[in-house]
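*Asks:*
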Ligand code: F0G
């Protein structure tokens, strides 16, 4: 029903082969025989979840699952008004079991590890991937090894990786260094690599597209806006929408619009310079530590997704990210981590620049939950007001300016 295929030289590999990139160095895709997949809207009734779309997932065994997916798609009229649009939605991926979209990839990726008979799973991470891998490794009963950039991982994410029993290694280097090391480690030790260079992980993440179309009544929005780090999610979601279009379930694919922090923006630079490939940034820096990445492994796929779909890419500053995070929190009651808020910051900027038209229906993906990074929250919000335990002190404080 499916095989792995290089996006550069189109060499094919059987689905049973443990391989992450082609011998030519190209990225791999999972390619299905779509002529054998007959899926209609009537087959897709019932509650949302990753495994609702099993006909389009490359797994035959019982999944390792914690009921991932089924995240809310909120209409956000106050944000829409604030940025000058009419029709804006937020797909809040922070509502997954571990608080980020990574769970969609891990339920598929860790299940694939079991199918392939792998004994240990591993990843490099800016935090969320490691939290999710630790949790799904625990659920599967498979040991997990995670490599993190020292001092640059939000505490909530680190706490998850530690509590769920992963072997946590803190690398004196950045995410890009950690990814290089874990790829080497997996090659040497036969560990199963679950970064987004693994095409099976992206298969899980493409269900974000399936759910959005499903929630909008089998329609694609005009535009999808999301944060970009290692660039797996933008390519996964694009693939998801393309598959729905191939199967005749939707008529169009949204303009894929990637947002990066100004201090870590190689994909935006490549799009703006019309370059065939990115120039890696050796010193990425941003308050949005989840997307503090200078050499995105899926950049070639992301450039294709953005260009083919007629989308774009834009940078936002750390201050714009923090403002968007606060706006989403107090205007809409949606709590997201800084990287996720970059999608809203990017939305505002692209409307101001006239790139996003005022009649567009836009979905912003918020990738991780506010509680992932509470240290950051405490550093940008006013401190609690400490007072004596008397009603006079309470009343004075409540009405103080
Ligand atoms: N948002 C959040 C909250 C993330 O954790 C990540 C990536 C992204 C956006 C970007 O997604 O890499 O697919 O472009 N976090 C990875 C990690 C790198 O290790 O947790 P991407």
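In the working numbering, the protein residues as written are 2 to 402.
Just so you know, even glycine gets a beta-carbon here, dropped at the ideal spot from N, CA and C.
1. Once the 5 residues before and after residue 186 are set aside, which same chain residues still bring their CB inside 7 angstroms of it?
2. Take residue 321 as the anchor and find which of 301, 351, 334, 204 has the nearest alpha-carbon.
3. Using three-state DSSP, classify residue 14 as helix, strand or coil.
4. Determine the direct distance from the alpha carbon of residue 335 to that of residue 75, and round the result to whole angstroms.
5. Just checking my contact of residue 272 with residue 314 at CB under 8 angstroms: how many whole Å lie between their CB atoms?
6. Taking DSSP as the reference, what is the three-state secondary structure of residue 284?
7. Taking the alpha carbon of residue 253 as the point to measure from, which residue in 233, 221, 262 has its own alpha carbon closest?
8. Since residue 261 sits in a beta bridge, which residues does DSSP pair it with?
9. Please go through the same chain and pick out, in chain order, the residues whose beta-carbon is closer than 7 angstroms to the beta-carbon of residue 99, but skip the five residues on each side of it.
10. Would you list, in sequence order, the uninterrupted beta strand (DSSP E) runs of no fewer than 3 residues that lie entirely inside the segment 213 to 281?
11. Are the beta-carbon atoms belonging to residue 127 and residue 293 less than 8 angstroms from one another?
12. Given residue 300, which residues of its chain have a CB within under 8 angstroms of its CB, disregarding the five upstream and five downstream residues?
13. With 16 as the cutoff for other CB atoms within 10 Å, does residue 274 come out buried or exposed?
14. If you compare alpha carbons, which of 244, 354, 226, 250 is closest to residue 218?
15. Is residue 39 helix, strand or coil by DSSP?
16. For a test of the three-state rule: what should DSSP assign to residue 77, helix, strand or coil?
17. In angstroms with no decimal places, state the Cα-to-Cα distance between residue 340 and residue 47.
18. In the DSSP assignment, find the unbroken beta strand (DSSP E) run with residue 150 in it and report its ends.
19. Kindly indicate the opening and closing residues of the alpha helix (DSSP H) around residue 172.
20. Going by DSSP, what residue range makes up the beta strand (DSSP E) through residue 3?
21. For residue 1, does the three-state DSSP call read helix, strand or coil?
22. Measure from the alpha carbon of residue 83 to the alpha carbon of each residue in 323, 172, 348, 392, then state which is nearest.
*Replies:* Let's see:
1. On the chain shown, residue 186 is found 185 positions in, with the first residue counted as 1. Residues 123, 192 of the same chain have their beta carbon placed closer than 7 angstroms to that of residue 186, with the five preceding and five following residues left out of the count.
2. Along the chain shown, one-based indexing puts residue 321 at 320. Checked all of 301, 351, 334, 204; the closest Cα to residue 321 is 351.
3. Numbered from its first residue, the chain shown carries residue 14 at position 13. Collapsing the DSSP output to three states places residue 14 in a strand.
4. The sequence position of residue 75 within the chain shown is 74, counting from 1. The sequence position of residue 335 within the chain shown is 334, counting from 1. Cα-Cα distance, rounded: 9 angstroms.
5. The residue given as residue 272 occupies position 271 in the chain shown. The residue given as residue 314 occupies position 313 in the chain shown. Yes, residue 272 and residue 314 are in contact; Cβ-Cβ is about 4 angstroms, under 8 angstroms.
6. Reading the chain shown from its first residue, position 283 is the one you call residue 284. Residue 284 falls in the coil class under three-state DSSP.
7. Translated into positions along the chain shown, residue 253 becomes position 252. Distances from the CA of residue 253 to each of 233, 221, 262 were compared; the closest alpha carbon is that of 221.
8. Residue 261 sits at position 260 when you count from the first residue of the chain shown. For residue 261, which the question treats as bridged, DSSP gives the partners 316.
9. Start at 1 with the first residue of the chain shown, and residue 99 comes out as number 98. Excluding positions up to five away in sequence, the list reads 132, 133, 136, 161.
10. Complete beta strand (DSSP E) runs here, min 3: 224 to 228, 256 to 262.
11. Stepping through the chain shown from its first residue, residue 127 is reached at position 126. Stepping through the chain shown from its first residue, residue 293 is reached at position 292. Yes, they are a contact pair.
12. Position 299 of the chain shown, counted from the first residue, corresponds to residue 300. 232, 267, 268, 271, 278, 279.
13. Walking along the chain shown from the start, residue 274 turns up at place 273. With fewer than 16 Cβ atoms within 10 Å of its Cβ, residue 274 is classed as exposed.
14. On the chain shown, position 217 is the one that residue 218 refers to. Of the candidates 244, 354, 226, 250, 250 places its Cα closest to the Cα of residue 218.
15. Here residue 39 refers to the residue found at position 38 when the chain shown is read from its first residue. In this structure, residue 39 counts as coil in the three-state DSSP scheme.
16. Here residue 77 is taken as the residue at index 76 of the chain shown, counted from 1. Secondary structure at residue 77: coil, using DSSP grouped into helix, strand and coil.
17. By one-based count along the chain shown, residue 340 stands at place 339. By one-based count along the chain shown, residue 47 stands at place 46. Annotation: residue 340 to residue 47 spans about 32 angstroms, alpha carbon to alpha carbon.
18. The count along the chain shown starts at 1 and reaches residue 150 at position 149. First-last of the beta strand (DSSP E) with residue 150: 145 to 150.
19. Working through the chain shown from its first residue, we reach residue 172 at position 171. No alpha helix (DSSP H) holds residue 172; the beta strand (DSSP E) holding it covers 168 to 172.
20. Walking along the chain shown from the start, residue 3 turns up at place 2. Membership of residue 3 in the beta strand (DSSP E) is indicated by the continuous run 3 to 7.
21. Any property of residue 1 remains undetermined from this structure, which presents the chain solely from 2 to 402.
22. In the chain shown, the residue the question calls residue 83 occupies position 82. Cα-wise, what sits closest to residue 83 is 348.
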